[in-house]
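Protein chains in written order, with my numbering: chain A, 5 to 199; chain B, 5 to 199; chain C, 3 to 339; chain D, 3 to 339.
Note that CB positions come from ideal geometry on N, CA and C, so glycine has one too.
In what follows, a structure is listed as structure tokens, so that the remarks can point back to it.
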Amino acid sequence: MNLDAATALAWLRAFAGLVDERAGELTDLDRPIGDSDHGVNLQRGMHAVVAAFEQEAPDTAGAVLTKAGSTLVSTVGGASGPLFGTLLRRTGKALDGGDLASALRAGLDGVVKLGGAQVGDATLVDALTPAVEALEAGRSPFEAAEAAAEGAASTEPLVARKGRASYLGERGVGHRDPGAESVVLLFTALEQVAA
Amino acid sequence: MNLDAATALAWLRAFAGLVDERAGELTDLDRPIGDSDHGVNLQRGMHAVVAAFEQEAPDTAGAVLTKAGSTLVSTVGGASGPLFGTLLRRTGKALDGGDLASALRAGLDGVVKLGGAQVGDATLVDALTPAVEALEAGRSPFEAAEAAAEGAASTEPLVARKGRASYLGERGVGHRDPGAESVVLLFTALEQVAA
Amino acid sequence: MTAVAKLLDDPADAVTDALRGLAAVHPELSVDLTQHVVSRGDERRPGKVGLVSGGGSGHEPLHAGFVGLGMLDAAACGAVFTSPVPDQVLAATKAASSGGGVVHIVKNYTGDVLNFQMAAELADDEDIEVETVLVDDDVAVTDSLYTAGRRGTGGTLFVEKVLGAAAEKGLAVAEVAALGRDVVSRSRSFGVALSPCTTPGSDQPGFDLPAGEMELGIGIHGEPGRRRVPVPATGVAREVARTAVAAIDEDLPLAHQDLLVLVNGMGGTPLLELQVLAADVVAELDARGARVARALVGNYVTSLEMAGAMVSVCTTTPELLELWDAPVRTPALRWGV
Amino acid sequence: MTAVAKLLDDPADAVTDALRGLAAVHPELSVDLTQHVVSRGDERRPGKVGLVSGGGSGHEPLHAGFVGLGMLDAAACGAVFTSPVPDQVLAATKAASSGGGVVHIVKNYTGDVLNFQMAAELADDEDIEVETVLVDDDVAVTDSLYTAGRRGTGGTLFVEKVLGAAAEKGLAVAEVAALGRDVVSRSRSFGVALSPCTTPGSDQPGFDLPAGEMELGIGIHGEPGRRRVPVPATGVAREVARTAVAAIDEDLPLAHQDLLVLVNGMGGTPLLELQVLAADVVAELDARGARVARALVGNYVTSLEMAGAMVSVCTTTPELLELWDAPVRTPALRWGV
Ligand SMILES: Nc1ncnc2c1ncn2[C@@H]1O[C@H](COP(=O)(O)OP(=O)(O)O)[C@@H](O)[C@H]1O
Ligand SMILES: Nc1ncnc2c1ncn2[C@@H]1O[C@H](COP(=O)(O)OP(=O)(O)O)[C@@H](O)[C@H]1O
Ligand SMILES: [Mg+2]
Ligand SMILES: [Mg+2]
Ligand SMILES: [Mg+2]
Ligand SMILES: [Mg+2]
Numbered sequence: 005m006n007l008d009a010a011t012a013l014a015w016l017r018a019f020a021g022l023v024d025e026r027a028g029e030l031t032d033l034d035r036p037i038g039d040s041d042h043g044v045n046l047q048r049g050m051h052a053v054v055a056a057f058e059q060e061a062p063d064t065a066g067a068v069l070t071k072a073g074s075t076l077v078s079t080v081g082g083a084s085g086p087l088f089g090t091l092l093r094r095t096g097k098a099l100d101g102g103d104l105a106s107a108l109r110a111g112l113d114g115v116v117k118l119g120g121a122q123v124g125d126a127t128l129v130d131a132l133t134p135a136v137e138a139l140e141a142g143r144s145p146f147e148a149a150e151a152a153a154e155g156a157a158s159t160e161p162l163v164a165r166k167g168r169a170s171y172l173g174e175r176g177v178g179h180r181d182p183g184a185e186s187v188v189l190l191f192t193a194l195e196q197v198a199a
Numbered sequence: 005m006n007l008d009a010a011t012a013l014a015w016l017r018a019f020a021g022l023v024d025e026r027a028g029e030l031t032d033l034d035r036p037i038g039d040s041d042h043g044v045n046l047q048r049g050m051h052a053v054v055a056a057f058e059q060e061a062p063d064t065a066g067a068v069l070t071k072a073g074s075t076l077v078s079t080v081g082g083a084s085g086p087l088f089g090t091l092l093r094r095t096g097k098a099l100d101g102g103d104l105a106s107a108l109r110a111g112l113d114g115v116v117k118l119g120g121a122q123v124g125d126a127t128l129v130d131a132l133t134p135a136v137e138a139l140e141a142g143r144s145p146f147e148a149a150e151a152a153a154e155g156a157a158s159t160e161p162l163v164a165r166k167g168r169a170s171y172l173g174e175r176g177v178g179h180r181d182p183g184a185e186s187v188v189l190l191f192t193a194l195e196q197v198a199a
Numbered sequence: 003m004t005a006v007a008k009l010l011d012d013p014a015d016a017v018t019d020a021l022r023g024l025a026a027v028h029p030e031l032s033v034d035l036t037q038h039v040v041s042r043g044d045e046r047r048p049g050k051v052g053l054v055s056g057g058g059s060g061h062e063p064l065h066a067g068f069v070g071l072g073m074l075d076a077a078a079c080g081a082v083f084t085s086p087v088p089d090q091v092l093a094a095t096k097a098a099s100s101g102g103g104v105v106h107i108v109k110n111y112t113g114d115v116l117n118f119q120m121a122a123e124l125a126d127d128e129d130i131e132v133e134t135v136l137v138d139d140d141v142a143v144t145d146s147l148y149t150a151g152r153r154g155t156g157g158t159l160f161v162e163k164v165l166g167a168a169a170e171k172g173l174a175v176a177e178v179a180a181l182g183r184d185v186v187s188r189s190r191s192f193g194v195a196l197s198p199c200t201t202p203g204s205d206q207p208g209f210d211l212p213a214g215e216m217e218l219g220i221g222i223h224g225e226p227g228r229r230r231v232p233v234p235a236t237g238v239a240r241e242v243a244r245t246a247v248a249a250i251d252e253d254l255p256l257a258h259q260d261l262l263v264l265v266n267g268m269g270g271t272p273l274l275e276l277q278v279l280a281a282d283v284v285a286e287l288d289a290r291g292a293r294v295a296r297a298l299v300g301n302y303v304t305s306l307e308m309a310g311a312m313v314s315v316c317t318t319t320p321e322l323l324e325l326w327d328a329p330v331r332t333p334a335l336r337w338g339v
Numbered sequence: 003m004t005a006v007a008k009l010l011d012d013p014a015d016a017v018t019d020a021l022r023g024l025a026a027v028h029p030e031l032s033v034d035l036t037q038h039v040v041s042r043g044d045e046r047r048p049g050k051v052g053l054v055s056g057g058g059s060g061h062e063p064l065h066a067g068f069v070g071l072g073m074l075d076a077a078a079c080g081a082v083f084t085s086p087v088p089d090q091v092l093a094a095t096k097a098a099s100s101g102g103g104v105v106h107i108v109k110n111y112t113g114d115v116l117n118f119q120m121a122a123e124l125a126d127d128e129d130i131e132v133e134t135v136l137v138d139d140d141v142a143v144t145d146s147l148y149t150a151g152r153r154g155t156g157g158t159l160f161v162e163k164v165l166g167a168a169a170e171k172g173l174a175v176a177e178v179a180a181l182g183r184d185v186v187s188r189s190r191s192f193g194v195a196l197s198p199c200t201t202p203g204s205d206q207p208g209f210d211l212p213a214g215e216m217e218l219g220i221g222i223h224g225e226p227g228r229r230r231v232p233v234p235a236t237g238v239a240r241e242v243a244r245t246a247v248a249a250i251d252e253d254l255p256l257a258h259q260d261l262l263v264l265v266n267g268m269g270g271t272p273l274l275e276l277q278v279l280a281a282d283v284v285a286e287l288d289a290r291g292a293r294v295a296r297a298l299v300g301n302y303v304t305s306l307e308m309a310g311a312m313v314s315v316c317t318t319t320p321e322l323l324e325l326w327d328a329p330v331r332t333p334a335l336r337w338g339v
């Protein structure tokens, strides 16, 4: 799958819209196992991204994602700011000319390098990894979103090993990771604009 | 009415018993218009009085009341400690040889001198004054207790001018003064031992 | 609303246990666990005027937390919200006495007034000269000759600090007391509660405050205030600042004055919120042409775990400011040393 | 249980408004209301190592209240319970830099670690040498290479104070950082909540705590603890002291150690109660053969209006004690000057 600047912009705007819609839910997921702010954090960041694009929209898809990533880094804070920011920035930098799937792989690698989480640690990596793998295997954004959703659901029975949920030990079991759920929204947004 | 040491002791023990029984109520009266401690305060003091008499009981009625008064001063604190303490101490000092009614008048004068409250200011003076007047008029402790009860009830419609209730202004109207209610118990105790 | 559990061992021993804690972390203080009197453990200059305050407990750090160089010589700690008995105040007076007389700083509540008065008589029997400074800074209460008068609240801190410096400086007992009355006449306070508080051992708060309402004109003993009003949807801190400063300014015009300002938490309100209130109080004072010379923000004169705040101000002169700035070394207030 | 109203104006502006209040009462600080960076307004010696900390807001006075002589040079204040972004940390780093390098004191949370790390890279681009000291003192969390590791909590205060003194003394950046790692290795904390807290703008507390229960092993972000147990009928403070000290002692044997002790309120617990807890903590340490060299009791590292407390200790040497005792002049910690 290749991405033009307009589609990249539409993707991020759709993601911002979904985050707006679901911010309360994301924060509620962060309540039992975290510090009740994930939805608020991501919403603050995506508002800033949308506002930045209203000022000036870059003219390549790579620049769009890179700009979105650095805006997230500069406005979100918390764990999700650097992680989502790195995901989009690395993806954007790897994108130009090339294929979205392999660019997202570079983004995923950046997230793993930065945060040190592996699949099974009950973080956003658990949703991001299968989604990227789906695209790499040539499956549709719809299927990638489905894979992300399965990955997010798979965090529920786990004892978290990274992020705040890890402080809870066994008490965190039975809760879905909020960051993983945001990744589902990112791929749902992609599916919306690719359709 | 004359008082011997045994009756004086019995009186104060009966008062202590009534305070124990009604401490919760007295504190509850102090809640809406004061600082929710009147029952606790008086209970602490009367426990100390009873304990002091267990150590050593004075052999005149005057000494019993004087000792009780200074024990209250030394153990109660708040407004009621000096006021009830002065009442009993002055009464005790004025008692020896003489009549309880006129000794209580000396006690009442001490309270008024110390606290500056007049009848109608919605304090314990409103119950104490009619009770002392009843005894002075040769009426029974039963009638004195009744007069005290009427005096206590009369504080309800008043805007308090002394004590903590005065801080509330109009908002204190409709509440009975807790100190006045304790005075009722003091005369109820007298009625019990005089009967 | 169920009350939050208290971090105590036995509610009946709350004051003793708290003083034990104070003693454990402040070896420089002398703490009498029987009389509940806290006094300076260091030597004082013979003839220095002694400063004593005290009152019910539950207002920590007031008063015991203000014992030390440049502030109180001794504090008498009553039961929670109950003034100390004369014996305690006498013990504090003796501990504070270095031969130059003692000033009692008394918050104007009937109980405190009467117990300190009795203690002053007992001290007189022991040839200690006592002068009394009555603090009645709370503008929420209408003043009148025929009532108990205004309560003593946050302004007590100004009096204790300024007199502490004056006593160190060597003023005589009558001068210290006169200065104290001057500081009182310059001090005003107004407080607001966002939640009530519960006395240890009691199963009920001092008043019920329905969600969405606040009490204006509260005292510091968990008692209800003068008025209950709805909490505004936004601008809560601004509304509190405006109400408090307006009430004070009406009583003591603040324009062109250089002020000591205390934005005082009642015990349960976090510093984040007190700082927001401080911003609004300073803006409100500014709008009325007053200048903030010095300010403190924090829990200084509290009412157990009550949520809410009190605004206190004191108009100053260069001399008063100098006394305010003089070194102080106590558990709760320290600078310059 | 309905939450108590907050003394704020607009929850979204809580941090800005609180910093405005800090600026209004502390003219000696330089407060950047856009970047939310607080730094020393006075001149520093060229070449002095700069000390920067920061993190989410809601822990006041940490960190901004510890900016000043003998402690931090600058603090970056994130949104409530959200670590600051790299831009803020970079701004703080620049404000703190006097040419001798900068030490970042970072509480160990993924968000803080990542954002400070990115800021350190940006600072490197501007030729500012940055060393990082990671604080992970919370024994409630099992440490492991495969997890996020222990949280940084109350022990941060020890690190900031000691490094502040070391930087004033003229230690080089690597020495200050090495000392910081030593202080971290000597510091342990354990916290207990008696009530949850609610982030401004949220309508729900971070967790539900039924009446009669308490959370053991809490962090400082309103998150639930490791275990929930019933509040005992009496001896609550003793139980908290015992649990906290035992957890610490198990991890870092305290016998024969001279300790810095912090009995820290979480924001909503009054000083009366913290003093009772302090008495029990000192007794518990005593029973284990440890000695309290210095202690602080009060709200220093908080979690909004949470009721509860945290016990932090740091084992000392004579050199560390000397650094602890060195003059400090900040809004929340001041002595010797
Ligand atoms: N080390 C990590 N690697 C990958 N993702 C992580 C890591 N730590 C945390 N996360 C993700 O970040 C999410 C939390 O984001 P957020 O609540 O915004 O930040 P914070 O935890 O700082 O409050 C978690 O749900 C998790 O998916
Ligand atoms: N000036 C006064 N004269 C007479 N009685 C007073 C005066 N002030 C207060 N009282 C009495 O004291 C009672 C309160 O006692 P208590 O609650 O024990 O003390 P405090 O008000 O110090 O908490 C009031 O109900 C009132 O009857
Ligand atoms: Mg979170
Ligand atoms: Mg009372
Ligand atoms: Mg009382
Ligand atoms: Mg967070």
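In the DSSP assignment, Val82 (chain D) falls within the beta strand (DSSP E) that extends over Ala76 to Val82. Contact with chain C is found for Gly119 (chain B), since one of that chain's Cβ atoms lies less than 8 angstroms from the residue's Cβ. Per DSSP, reduced to three states, the secondary structure at Thr155 (chain D) is coil, with no helix or strand assignment. Counting only runs of 3 or more residues that sit fully inside the region 267 to 306 of chain C, the beta strand (DSSP E) segments are 293 to 300, in chain order. Counting along the chain, no alpha helix (DSSP H) covers Asp34 (chain D); the unbroken beta strand (DSSP E) around it starts and ends at Leu31 to Asp34.
Leu218 (chain C) sits away from Thr236 (chain C), with the two beta carbons spaced by 8 angstroms or more.
In the three-state DSSP reduction, Pro134 (chain A) falls in the helix class (H, G or I). Taking Val143 (chain C) as the centre and dropping the five residues before and after it, the same chain places the C-beta of Arg152 and Arg153 closer than 7 angstroms to its C-beta, in chain order. Relative to Asn6 (chain B), the option among B:Asp24, B:Asp100, B:Val129 and B:Gly28 whose CA is nearest is B:Asp100.
Following the DSSP letters along the chain, one finds Thr159 (chain A) in no beta strand (DSSP E), marked with neither H nor E. Listed in chain order, the positions of the region 136 to 156 of chain D with a beta carbon within less than 9 angstroms of a beta carbon of chain A are Asp140, Ala142, Val143, Thr144, Ser146, Tyr148, Thr149, Ala150, Gly151, Arg152 and Arg153.
Considering only beta carbons, the part of the region 113 to 127 of chain D lying closer than 7 angstroms to chain A consists of Gly113, Leu116, Asn117 and Met120, in chain order. For Gly82 (chain B), the shortest C-beta to heavy atom distance toward ligand 5 is below 7 angstroms.
Annotation for Gly193 (chain C): the continuous beta strand (DSSP E) segment containing it runs Ser189 to Ala195. As DSSP reads the structure, Val132 (chain D) sits in a beta bridge with D:Val104. Judged by DSSP secondary structure, Leu128 (chain A) falls outside any alpha helix (DSSP H); it is assigned neither H nor E. Residue state for Glu217 (chain C) is assigned as strand, using DSSP reduced to three classes. Residues of chain C whose Cβ lies closer than 9 angstroms to the Cβ of Asp41 (chain B) are, in chain order, Gly58, Ala81, Val82, Phe83, Thr84, Thr201, Ser204 and His223. Identification of residues in the region 60 to 84 of chain B having a C-beta nearer than 8 angstroms to some C-beta of chain C yields Val77, Ser78, Thr79, Val80, Gly81, Gly82, Ala83 and Ser84, given in sequence order. Among the residues facing chain D, Arg336 (chain C) is included, as its CB has a counterpart in that chain under 8 angstroms away. Close partners of Val313 (chain C) in chain B (Cβ separation under 8 angstroms) are lacking, with about 18 angstroms as the shortest Cβ gap. Judged by their CB atoms, His106 (chain D) and Val132 (chain D) are nearer to each other than the 8 angstroms cut-off.
Beyond the five residues adjoining it in sequence on each side, Val186 (chain C) comes within less than 8 angstroms, by CB distance, of Val135, Leu136, Val137, Asp138, Asp139, Gly157 and Val161 in the same chain, given in chain order. Within 7 angstroms of the C-beta of Gly67 (chain D) there is not a single heavy atom belonging to ligand 3. Contacts with chain C at 8 angstroms (Cβ-Cβ) include Thr271 (chain D). Gly38 (chain A) is not a Cβ neighbour of Pro161 (chain A), given a cutoff of 8 angstroms. Asp89 (chain D) reaches chain A at Ser78, counting residues in chain order whose Cβ is nearer than 7 angstroms.
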